[in-house]
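What follows is one structure encoded as structure tokens, with my remarks underneath.
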Amino acid sequence: MRDPHEQQSLSALIPQAITRVLKESSVAALATLVEAQRSIGAKLLVEETGARTGSLTDAALDEAIARHVPFFLASRAEAKTLKVEEFAHVNFEWDQARVLFERIEPEPRVVICGAGHVGASLARLARTAGYRATLIDDRADFLTRERFPEEEIDLVIARTWADAVREVVGRGRGVSVAVVTRGHNEDEECLRAVVEALPDYVGLIGSKRRTNIVLERLRAGGTDESVLSNVRAPIGLDIGAVSPEEVALAILAEIVVERRGGTGAPLSAWRRKQGGRRQR
Numbered sequence: 038m039r040d041p042h043e044q045q046s047l048s049a050l051i052p053q054a055i056t057r058v059l060k061e062s063s064v065a066a067l068a069t070l071v072e073a074q075r076s077i078g079a080k081l082l083v084e085e086t087g088a089r090t091g092s093l094t095d096a097a098l099d100e101a102i103a104r105h106v107p108f109f110l111a112s113r114a115e116a117k118t119l120k121v122e123e124f125a126h127v128n129f130e131w132d133q134a135r136v137l138f139e140r141i142e143p144e145p146r147v148v149i150c151g152a153g154h155v156g157a158s159l160a161r162l163a164r165t166a167g168y169r170a171t172l173i174d175d176r177a178d179f180l181t182r183e184r185f186p187e188e189e190i191d192l193v194i195a196r197t198w199a200d201a202v203r204e205v206v207g208r209g210r211g212v213s214v215a216v217v218t219r220g221h222n223e224d225e226e227c228l229r230a231v232v233e234a235l236p237d238y239v240g241l242i243g244s245k246r247r248t249n250i251v252l253e254r255l256r257a258g259g260t261d262e263s264v265l266s267n268v269r270a271p272i273g274l275d276i277g278a279v280s281p282e283e284v285a286l287a288i289l290a291e292i293v294v295e296r297r298g299g300t301g302a303p304l305s306a307w308r309r310k311q312g313g314r315r316q317r
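Okay, here's the thing in structure tokens:
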């Protein structure tokens with residue numbers, strides 16, 4: 038068990054560590070002891086690199102928490118409360134204690150290359166769904182506050198598409214990028230810059246023919262196939278979208294599937310299967 042003064046000093050460092058994690062676009066888990074015989078409220082921050090800040094007052098418990106964090110982060114859950122015995126496969130005094138795991142990561146962002154009808158609709162829809170949206174276009178008259186009064190939508194006028202994309206996307210963590218520009222050349226310039234950043238999601242709008250043209254240009258320019266294989270092209274889920282708003286919905290649905298680890302399958306599928314078995 039740690040000395041109370043040492044524990045207090047360690048806990049005081051957690052806010053600074055969280056600020057750094059967010060600034061670096063990293064991911065971490067904050068573990069809080071919420072039910073135990075002692076030390077309730079103690080916290081331990083475990084970063085995806087394995088770095089730790091704070092303590093739950095017991096070295097063995099800290100070690101068990103650190104071993105479980107990669108599994109928690111891989112689950113993509115926002116928060117989860119577990120008994121220690123559920124993830125620590127050893128018997129010790131903390132077995133019945135409960136720990137709250139909370140995911141720490143930057144605010145999810147959607148970066149949209151192209152402020153036409155689809156891009157504008159996607160920005161507004163993403164904002165409604167809780168994403169920070171950034172619109173990039175090289176046409177200043179398309180990026181005005183009269184057209185986009187929402188403060189949660191950032192507007193970036195591109196001198197060059199590549200420079201604007203690199204600056205906005207950054208390291209790519211927590212970022213989904215939709216390339217919905219007006220032509221092949223703009224698509225290619227944006228996509229070439231986007232794939233370098235390795236964002237969580239990248240999609241390219243257009244027909245199979247149009248998207249194949251852009252991808253072939255990137256291949257010819259030396260872009261690695263393993264990178265291009267992650268590009269969703271054509272972008273979005275097949276929902277039969279026709280209007281710009283429907284296309285935006287199809288795109289955002291695919292972004293959410295990627296972020297949350299969903300399948301995109303109808304939730305009612307199980308019911309139809311059961312019905313089919315009963316009919317037989």
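My numbering puts the sequence shown at residues 38 to 317. Even glycine gets a Cβ: it sits at the ideal position worked out from N, Cα and C.
ask   = Between the stretch 132-140 and the stretch 174-189, do at least 3 Cβ pairs fall closer than 8 Å?
value = no
request  = Indicate whether V206 and L241 have their beta-carbon atoms separated by less than 8 Å.
outcome  = no
Whole-angstrom distance between N249 and C118, CA atom to CA atom = Sequence check: residue 118 is Thr here, not Cys. For T118 and N249, the distance between alpha carbons rounds to 46 Å.
query = Considering only residues of the same chain and omitting the five flanking positions on each side of R317, which have a CB-CB separation below 6 Å?
reply = Its pLDDT being 48, under 50, R317 is placed unreliably in this model, and the coordinates cannot settle the point.
request  = Give the single residue among L162, L159 and R146 whose Cα lies nearest to the Cα of R169.
outcome  = R146
query = Any idea if F129 is buried or exposed, counting beta-carbon neighbours within 10 angstroms, 16 or more meaning buried?
reply = exposed
request  = Return the chain-ordered list of same chain residues with a C-beta closer than 6 Å to the C-beta of R161, the five sequence neighbours on each side being excluded.
outcome  = Once the five neighbours on either side are set aside, R161 has no close Cβ partner at all.
query = So, are the CB atoms of V231 and V251 less than 8 Å apart?
reply = no
E226 versus E253 - alpha carbon distance = 13 Å
Any alpha helix (DSSP H) of 4 or more consecutive residues that is wholly inside the stretch 253-310 = 262-265 and 281-297
key: Burial state of H126 (16 or more Cβ within 10 Å)   = Its Cβ having fewer than 16 others within 10 Å, H126 is exposed.
ask   = Can you name the residues that DSSP bridges to C227?
value = In the DSSP output, where bridge partners are listed per residue, C227 has none listed.
query = Starting from A73 and walking both ways along the alpha helix (DSSP H), at which residues does that stretch end?
reply = No alpha helix (DSSP H) contains A73, which DSSP labels as neither H nor E.
ask   = Assuming G91 and I51 make a contact with CB atoms under 8 Å, what is their CB distance in whole Å?
value = 5 Å
ask   = Do you know whose CA, among S244, G277, L235 and A152, lies nearest S266's CA?
value = Residue L235 is the option with its Cα nearest to S266.
request  = Sort R104, A166, R229 and T69 by Cα distance to A257 and report the nearest one.
outcome  = Among R104, A166, R229 and T69, the Cα nearest to that of A257 belongs to R229.
inquiry  = Beta-carbon within less than 6 Å of G22's beta-carbon, same chain only, minus the 5 sequence neighbours each way: which residues are those?
reply    = Given that the chain is displayed from residue 38 to residue 317, the structure contains no residue 22 and the question cannot be resolved.
task = Would you please state the rounded distance, in angstroms, between the beta carbons of L172 and V193? I believe it to be under 8 Å.
result = 7 Å
query = If we call anything under 8 Å between Cβ atoms a contact, is A134 one with L70?
reply = yes
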